[in-house]
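Since the structure comes first, as structure tokens, the remarks are kept for the end.
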Amino acid sequence: MQSLTRNLILMLGWVTGIAAYAGAPVSADNPGLAALLAKIPDASYADKRVLVVKMVQTRDPRVHAVLRALLDDSLYVRTSDNHVFIGEADQDSIRLTDPLSSQAAGVVSTDSVSTIGVNNQLRKTLRVALAQFDLSDPAVDVRLAAVKEMLRALDADSQAVLRSRLAEEHDSAVRSQIQAGLALADLDSSDSSIRLAAVRALSRNLNPDVYNRLSIMVLKGSEGTYGEPEPAIRAAAQESLRVIERYRKFYAAVQTLIYGLSEGSVFVLVAIGLAITFGVMGVINMAHGELMMLGAYTTYVVQLLMPNHIGLSIVVAIPAAFVVSGAIGIAIERGIVRHLYGRPLETLLATFGVSLILQQAARDIFSANNRPVITPDWLAGSLQINDVLAITYNRLYIIIFTLALFLGLLAVLKRTRLGLDVRAVSQNREMARVMGVRTAWVDALTFGLGSGIAGIAGVALSQLTNVGPNLGQSYIVDSFMVVVFGGVGNLWGTEVSGNALGVVNKLLEPYTGAVLAKILVLVFLIFFIQRRPRGLFAQKGRNADG
Amino acid sequence: MPMVEGRVAELTPDRGGRRLLLLLAAVGVLMPCLNVLPGEGSMLHVSNYTMTLTAKYMSYGMLALAVDLIWGYCGIMSLGHGAFFALGGYAMGMYLMRQIGARGVYGNPLLPDFMVFLNWKELPWFWHGFESFPYAVAMVVLVPALLALVFGFLAFRSRVSGVYLSIITQALTYALMLAFFRNDMGFGGNNGFTDFKDIVGFNLQAAGTRVVLFVSTAVALGLSYVLCRYVIASRAGRVIMAIRDAESRARFLGYRVEYYKLWVFVLSAIIAGVAGALYVPQIGIINPSEFSPVNSIEIVIWVAIGGRGTLYGAVIGAFLVNLAKTYLTGAFPSVWLYGLGALFIGVTLFLQHGVVGVLGQWRRARLAGVP
């Protein structure tokens, strides 16, 4: 009988508490927080639940900290004067804070205070009470987390709180979360019309819980009965499931596309520097991968030099890598490649020698082990678009970054004097020379540009893969295939073919696994090049013959 | 049609080749004798290690011959010839695995250890027949030949040439490497095959078996050399060289360029496959790293260092580079890659005709009376 009254008081308390949230003034018969706190040390668990509800009713902002502390077992009572404190345990001493004044109240030993105990029922009350606090928090994520917390253990009380919150909630994500949660609860209702309404309300909800719950409703159990007895509701649930599945398929396709584009962007990234050196100049640079490796190591060194500004380090590393790889590239061109123009196969062998030397140099300088490159915070995490579609930021950034790099390179080639010279020399070396273009100088700069771009690609790769001496080697076949597939001498071809290969790879992966998908793509490329040796977008005209 | 083969052979006296064959015969006879006859402590004793190493170099020499045949004489630079070598090796490896029988760790009479480990219940279809030695030998020849035939037919028919061909051959060996690394392919995944016991009933560790394998490798290298030489000196060889020098002109003269290329490409793949099959029982292991593109590029550098387009130069190059590799990776492990890298650069920049070319220059200089 006593417990029943207590529960009644509790229920009443919730409702008035909600009323208080809705803007009712603090009533005079509401005892202050200080008085309630004073009662806590001697209260039974059941009494504490009543006290908690009353504290919420005070609408005192200090209550949140008290409840949080109580839940965390860090609300203490001082044995000497029965005063309540929030404490922070520190080995064998406890730093006390007065919850009313928020002032530090000294450090005491563990035996001069005792923890205020909680049981599971009280914890549940506390969680709901705290979530209720958070429900009115100005930050959307806090509200969303609070709703999710409340939905974990939904009872009549918390349902009432959520329904009242729904009336004043403006954020669509929070609203849909509340609606889904409430509709899920309604599915357990004994009233078939409420169940039917709930099923209909859930028809566009992508929450996995909703999907599972609806699936159970239409599933035939072992005794031949369905999860849902009413055939009409079952049909509605089936229909809702169908709609949800359609949405899921759509979002899965969007996700595959975006993942494919991001993988394709990696292909473009590793190939775009080569599209200059191989595509425009016709030089087979087997050290291209190692120039990317240099870019990745540059990122590592930049992070070592500025350990306190990791977020900025990537931005600094981009020009640094361009300069480092570009300089090495110019050295390769001046030292080796220029003696071998017109002998592509020899160039291939000589630059492969360069790649071996660079790899071993990296191994000697940085050791054979992979070096840790830190991912800055702004690159971590993911963008949650809805319950079934989340895209990690690094995938998103790689797409944007590659696109920017591509457009920048295109602008350099089409809009600058250097670009004009590069195109002139690649189209007709003799004529360009006659017109006063310093072809040797242009060759060196073009090679430097392609190498520098490889360095920038290396900065991006340092965020995606292990930075070690073998980083470049693993991309060399891919990068050549992308350039040849796109059509040699065609930047657009490289962009399109890289992304196409990425998407195809991701489309195949669910059926074949990653390695077999890669093999199939390679085999496809081998056949494709045999059908169209000049690639997707072949150069036309008299200088087309390579 | 006049019989010109004999005259062509006369017209191109091949002193280097004859010396190579003599040297090969000497090594093929002396080394096994010195391995078996003198005792362990004797000055003249050749250790098993040295003999295995020499056998390895000889199979590499065959591989270099195969590459020189197509690159030196037909202008096809294959960056995937390691794939044919590895395929021949795998075919031999499959035979050797079946010979282990119930002596494996798991003692399964039918399935090799790795299949038992993967919980396979029966032998995959492509493993059937490999218990027979003649069948395995046929596969050593047929598998690389078939791959070369299909790949070459498609490539040469659509006139893929130069660096494009090099790049797709590289992609071919890369794709095969990825495939052989997969456990469910049924080729032992990244561990490949090892722990071989015997070949046609003879223990692989026995001195007699080693000698026979060593001599067979020497003979195979010699025969491959003679075969390549014969092909080059034949009428078809002339056409092949014409294709190398002016492909379009050869086509306009009415030669079916793609068939000549295909034919010589397949022959080259078979020589590479046989080299792989001789390599595996003596070295005792085959794994997917043999397919790695770097290996294939290395073969090309052997040929370039020895002297492209001379055949015997390719064999010399394979021996020299691998001797240096064995010595340097043992003595100064980190120097080896610098050395190899410098070799790649130096040979292409300064030694266009390889070691053989340098030797030839010296000889000509001496004949001309220059001190």
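For the record, the sequence lines run as chains G and B. Note that the working numbering gives residue 239 to position 239 of the first sequence, counting from 1, and the numbers run on in steps of one. To convert, count from 1 in the second sequence and add 1000; that's the working numbering. Ideal placement from N, C-alpha and C gives every residue a C-beta, glycine not left out. In this text the structure is predicted, and so the values were computed from the model without any measurement.
Per-residue contacts from residue i into chain G (C-beta, under 7 Å)
i, result
"B/Thr1348", "Leu340, Glu346, Leu349, Ala350"
"B/Pro1293", "Val477"
"B/Glu1338", "The question names Glu, but residue 1338 of chain B is Tyr in the sequence shown. Neighbours of B/Tyr1338 on chain G, chain order: Ile357, Gln360."
"B/Val1300", "Leu349"
"B/Met1077", "Leu345"
"B/Ile1345", "Ile336, Ala350, Gly353, Val354"
"B/Ala1304", "Leu349"
Buried/exposed call for residue i, threshold 16 Cβ in 10 Å
i, result
"G/Asp90", "exposed"
"G/Gln103", "exposed"
"G/Val315", "exposed"
"B/Phe1350", "exposed"
"G/Thr225", "exposed"
"B/Leu1063", "buried"
"G/Asn499", "buried"
"G/Lys220", "exposed"
"B/Glu1122", "exposed"
"B/Val1321", "buried"
Amino acids of chain B, ordered along the chain, whose beta-carbon sits closer than 9 Å to that of residue i
i, result
"G/Leu547", "No answer is possible for residue 547 of chain G: it lies beyond the span of chain G, which begins at 1 and ends at 546."
"G/Val515", "Leu1178, Ala1179, Phe1181, Arg1182"
C-alpha gap between residue i and residue j, whole angstroms
i, j, result
"B/Arg1256", "B/Leu1065", "24 Å"
"G/Gly311", "G/Val174", "31 Å"
"B/Gly1309", "B/Leu1359", "15 Å"
"G/Leu405", "G/Trp492", "12 Å"
"B/Trp1017", "B/Gly1061", "First, the amino acid is wrong: residue 1017 of chain B is Gly here, not Trp. If you take the alpha carbons of B/Gly1017 and B/Gly1061, they lie about 13 Å apart."
"B/Leu1323", "B/Gln1099", "32 Å"
"G/Arg338", "G/Gly535", "26 Å"
"G/Asn394", "B/Met1139", "48 Å"
"G/Ser547", "G/Arg234", "Here chain G covers residues 1 to 546 and nothing more, so residue 547 of chain G does not appear."
"G/Ser382", "G/Ala390", "6 Å"
"G/Ile456", "G/Pro533", "29 Å"
"G/Ala236", "G/Ala146", "30 Å"
"G/Arg531", "G/Thr392", "38 Å"
"G/Asp421", "G/Gly448", "14 Å"
"G/Arg59", "G/Leu33", "9 Å"
"G/Arg213", "G/Leu184", "8 Å"
"B/Leu1079", "B/Ser1296", "5 Å"
"B/Arg1363", "B/Val1356", "11 Å"
Where residue i sits in the DSSP three-state scheme
i, result
"B/Tyr1255", "coil"
"G/Val437", "coil"
"B/Lys1197", "coil"
"B/His1081", "helix"
"G/Ser176", "helix"
"B/Gly1075", "coil"
"B/Tyr1279", "helix"
"B/Val1046", "coil"
"G/Tyr76", "strand"
"G/Gln463", "coil"
"G/Asp628", "The first residue shown for chain G is 1 and the last is 546, placing residue 628 of chain G beyond what the model contains."
"B/Phe1202", "strand"
"G/Arg127", "helix"
"G/Phe562", "The question about residue 562 of chain G has no answer here: the residues shown for chain G are numbered 1 through 546."
Contact belief for residue i with residue j at Cβ below 8 Å, rounded distance in angstroms
i, j, result
"G/Phe267", "G/Val482", "5 Å"
"G/Pro138", "G/Leu37", "That pair is no contact at about 27 Å."
"G/Glu239", "G/Ser203", "7 Å"
"G/Lys518", "B/Leu1178", "6 Å"
"G/Leu379", "G/Gln463", "6 Å"
Cross-chain neighbours of residue i in chain B, by beta carbon under 8 Å
i, result
"G/Ile519", "Ala1175, Leu1178, Ala1179"
"G/Leu184", "Chain B residues near G/Leu184: none, gap ~42 Å exceeds 8 Å."
"G/Met431", "Those do not exist, as G/Met431 stays about 24 Å from chain B at its closest Cβ, beyond 8 Å."
"G/Thr485", "First, the residue type needs correcting, since residue 485 of chain G is Phe and not Thr in the sequence shown. Neighbours of G/Phe485 on chain B: none; closest Cβ ~10 Å, over 8 Å."
Residue i: contacting residues in chain G (beta-carbon distance under 9 Å)
i, result
"B/Ser1158", "Ile529, Gln530, Arg531, Arg532, Pro533"
"B/Ile1297", "Met286, Leu348, Leu349, Phe352"
Residue i: contacting residues in chain B (beta-carbon distance under 7 Å)
i, result
"G/Ile526", "Ile1168, Ala1171, Leu1172"
"G/Val548", "Since the first residue of chain G shown is 1 and the last is 546, residue 548 of chain G is not available in this structure."
Residue i: contacting residues in chain G (beta-carbon distance under 8 Å)
i, result
"B/Ser1334", "Gln360, Arg363, Asp364"
"B/Ile1316", "The premise fails here: B/Ile1316 is roughly 18 Å from chain G at the closest Cβ pair, so nothing lies under 8 Å."
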